[in-house]
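Chemist:
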Amino acid sequence: MPNSYPTLTRWNVPSCNTVTAVNLPQAISVTSWTAGVLTAILCLGIARAPAWREMRWFALVSVAAGNLTLCNVAVVSDAPEVVLRWAFHVGMACGGLHTMAWLPYMAAVEGRALRRWEKVLCAALVTTALLFLAPGVLVSETISRREVTWLGLTYRDAMPTTAGAVVFGLYCLGLCIPLFRFAERWRRGVPAAGAHVLGLSFLVFAAVSDSLAASGAIAMPYLLDTGFLVVVAAAGGTMISRFVNTARGLEALSEDLERTVAERTGELARAREALLQAEKLATIGRLSAGVAHEINNPAAVVAANMAYLQEHLNAGEPFPDDTAECIKESLSAMQRINRIVRQLLDAGRTAGTRRTTLRAFRVTSSVEAAVGLARTTLAGSTTLTTTIPEDLHALGDPELLEQVLVNLVVNAAQAVQGVPGRGRIQVSAERCQERVVILVRDDGPGISAETMERLFEPFFTTKPQGSGTGLGLAVSLGLMRSQHGNLSVASTSPQGTVMQVELPSAGKPPVVTGLPSAAC
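Position 237 of the sequence shown, counting from 1, maps to 313 under my numbering, and the rest follow consecutively.
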């Protein structure tokens, strides 16, 4: 029972001094083989995409069909019988692989794994395909000659055995399985299912027609080669249509994504601007609250004293005996308000909008002056030592450095107060590359992680109410930056804290021995 296409006509094509006979069935067979191989290559390339994995199986469908049609060229040629017989062997084996490949392809299209009975059927189809390659098992030694007189065609076919005819019938039934499955998907309106139904229907019809023609029941040419061509063309057309639709969908998705990104970017920009404005307002609010809190207490003292004296004046009474004390308290409160305002002005230097005129000066002079002012605040049990090279010079403002060092020493003295067995403060300095580094060490309890996060934040203080404004370190940082310097925490632990002050160096580096090491 052959599965090949008949000789429909014969063309004589002259070429120089030779005549080459080219017939239409051979042309169709070669065309089907070319289409099958090209489609298989295309399917393997497309199958590399995640959403197109099922095309690997359709590549097997296409290449098996193409090789089968190529074997059918021998049916309409003058090839020797042994060539004709082996072409039939290989062609029928390819037919078994073709039928088998439809089952996993169908399962992949449906997005599922092969069922058990489908696996058994696939194994049976592969086994019979291999048996077709064994001589004398499914293919006999008989070569038949059949003519289609109304078309003037002659066929030379290798004949299958009875078992071979049964297996060919199994192949036809196997093709009906994907046909029915795709017909069900077509009924549900699944795209591209109709093209598969069309191609498989014509392929099954061609197989049945060729079986009847080979048995002599009907005088028809073989149609199976054309059936394979129709299947490949139909499935290839749906593949191209699906590819185009997917490309259009991706293009539309890309455009939507670009629009969404543009919208989100605009929203983020507006949200960022709103957040920036909110942060500015929040900063103003914190500053206002801090200033109001710090100024309110001394202002209340001044207002109370003035109201007290005003009452005596309105009553026509002389000034009370404690007038001098009231004036003294009021002046002290006004000095506190003046000091807060001056610190706020100095704090503005942290923004870097104001720069100090820099000059070279001896670091020892500023340190000694700062230590002299800070000693008045030290408790009797606190010891303060300095280790400063005499020839160490820095570039900056000595008065501003003095103000910063006084603040650091006072903070260190307050840190060591009340800590049993401690009370040592050391101020040291050295040149580190092109910078002068001054270290203020204490053996206090250290700075907590929570405090470190807000250490240089204006109006933040860990001191009791009325003991500090929370502007000392914030202002000191601004003063150092105005001199191209810096203020930072070099280290802190339960054994003590080291504050580091930096300024540009002036002059040659001195030779220093025995000094505590700075963080260069």
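For every residue, glycine included, the Cβ atom is placed at its ideal position computed from N, Cα and C.
Here the structure is a predicted model, which is why all the values come from computation and not from measurement.
Among all the DSSP beta bridges, which residues are the ones paired with residue 564?
Modeler: On the sequence shown, residue 564 is found 488 positions in, with the first residue counted as 1. DSSP output for residue 564 lists 576 as bridge partner(s).
Chemist: Report the three-state DSSP secondary structure of residue 302 (helix, strand or coil).
Modeler: Looking up residue 302 in the sequence shown gives position 226. It is helical.
Chemist: Is residue 582 helix, strand or coil by DSSP?
Modeler: Numbered from its first residue, the sequence shown carries residue 582 at position 506. Residue 582: coil per DSSP, three-state reduction.
Chemist: Spell out the partners DSSP gives residue 469 in its beta bridges.
Modeler: If you number the sequence shown from 1, residue 469 lands on position 393. Paired residue(s): 438.
Chemist: Quick one: what does DSSP say residue 514 is sitting in, helix, strand or coil?
Modeler: Numbered from its first residue, the sequence shown carries residue 514 at position 438. Three-state result, residue 514: strand.
Chemist: Out of curiosity, what's the CA-to-CA distance linking residue 406 and residue 377?
Modeler: Taking the sequence shown and counting its residues from 1, one reaches residue 406 at position 330. Taking the sequence shown and counting its residues from 1, one reaches residue 377 at position 301. Answer to the nearest angstrom: the Cα atoms are 6 Å apart.
Chemist: Mind reading off the beta-carbon distance from residue 555 to residue 479? Whole number of angstroms is fine, and I expect it under 8 Å.
Modeler: Position 479 of the sequence shown holds residue 555. Position 403 of the sequence shown holds residue 479. At roughly 6 Å, the Cβ-Cβ gap stays under 8 Å, so residue 555 and residue 479 are in contact.
Chemist: Among the candidates 464, 312, 189, 475, whose CA atom is the shortest distance from the CA of residue 112?
Modeler: Indexing the sequence shown from 1 puts residue 112 at position 36. Considering only alpha carbons, the answer is 312.
Chemist: Helix, strand or coil: how does DSSP classify residue 219 here?
Modeler: Position 143 of the sequence shown holds residue 219. Three-state result, residue 219: strand.
Chemist: At what residue ranges does the segment 182-226 contain a whole run of the alpha helix (DSSP H), taking only runs of 4 or more?
Modeler: 192-207
Chemist: Give the single residue among 433, 551, 447 whose Cα lies nearest to the Cα of residue 486.
Modeler: For the purposes of this step, residue 486 is taken as the residue at position 410 of the sequence shown. For the residues 433, 551, 447, the minimum Cα distance to residue 486 belongs to 447.
Chemist: Are the segment 244-258 and the segment 221-233 in contact at 8 Å, needing three or more beta carbon pairs?
Modeler: no
Chemist: Please list, in chain order, all residues of the same chain as residue 500 whose beta carbon is under 6 Å from its beta carbon, the five residues on each side excluded.
Modeler: Translated into the one-based positions of the sequence shown, residue 500 becomes position 424. Cβ within range, chain order: 459, 519.
Chemist: Using only the alpha-carbon positions, how far apart do residue 456 and residue 489 sit?
Modeler: Along the sequence shown, one-based indexing puts residue 456 at 380. Along the sequence shown, one-based indexing puts residue 489 at 413. Rounded to the nearest angstrom, the two C-alpha atoms are 11 Å apart.
Chemist: According to DSSP, simplified to helix, strand and coil, what is residue 104?
Modeler: As a working mapping, residue 104 is identified with position 28 in the sequence shown. DSSP places residue 104 in helix when its eight states are reduced to three.
Chemist: What does the alpha-carbon distance come out to for the pair residue 238 and residue 247?
Modeler: If you number the sequence shown from 1, residue 238 lands on position 162. If you number the sequence shown from 1, residue 247 lands on position 171. When rounded, the distance between both Cα atoms is 14 Å.
Chemist: Based on the DSSP output, what are the partners of residue 236 in its beta bridges?
Modeler: Residue numbering aside, residue 236 sits at position 160 when the sequence shown is read from its first letter. Beta-bridge pairing links residue 236 to 215.
Chemist: Answer yes or no: do residue 513 and residue 503 have a C-beta to C-beta separation smaller than 8 Å?
Modeler: Start at 1 with the first residue of the sequence shown, and residue 513 comes out as number 437. Start at 1 with the first residue of the sequence shown, and residue 503 comes out as number 427. Taking 8 Å as the Cβ cut-off, residue 513 and residue 503 do not qualify as a contacting pair.
Chemist: Going by beta carbon distance, what residues of the same chain come within less than 8 Å of residue 209, once the five residues before and after it are set aside?
Modeler: Numbered from its first residue, the sequence shown carries residue 209 at position 133. Cβ neighbours of residue 209 beyond the five flanking positions: 165, 166, 169.
Chemist: Pick helix, strand or coil for residue 498, following the three-state DSSP scheme.
Modeler: Taking the sequence shown and counting its residues from 1, the one referred to as residue 498 is at position 422. If DSSP states are grouped into helix, strand and coil, residue 498 belongs with coil.
Chemist: Relative to the alpha-carbon of residue 417, which residue among 391, 127, 371 has its alpha-carbon at the smallest distance?
Modeler: Position 341 of the sequence shown, counting from 1, holds the residue named residue 417. Of 391, 127, 371, the residue nearest in Cα terms is 371.
Chemist: With H, G and I counted as helix, E and B as strand and the rest as coil, what does DSSP make of residue 229?
Modeler: Taking the first residue of the sequence shown as 1, we reach residue 229 at position 153. Reduced to three states, the DSSP call for residue 229 is strand.
Chemist: Determine the DSSP secondary structure at residue 393, reduced to helix, strand or coil.
Modeler: Here residue 393 is taken as the residue at index 317 of the sequence shown, counted from 1. DSSP places residue 393 in coil when its eight states are reduced to three.
Chemist: At a cut of 8 Å, does the segment 199-207 reach the segment 169-178 through at least three beta carbon pairs?
Modeler: Cβ pair count under 8 Å is three or more, so yes.
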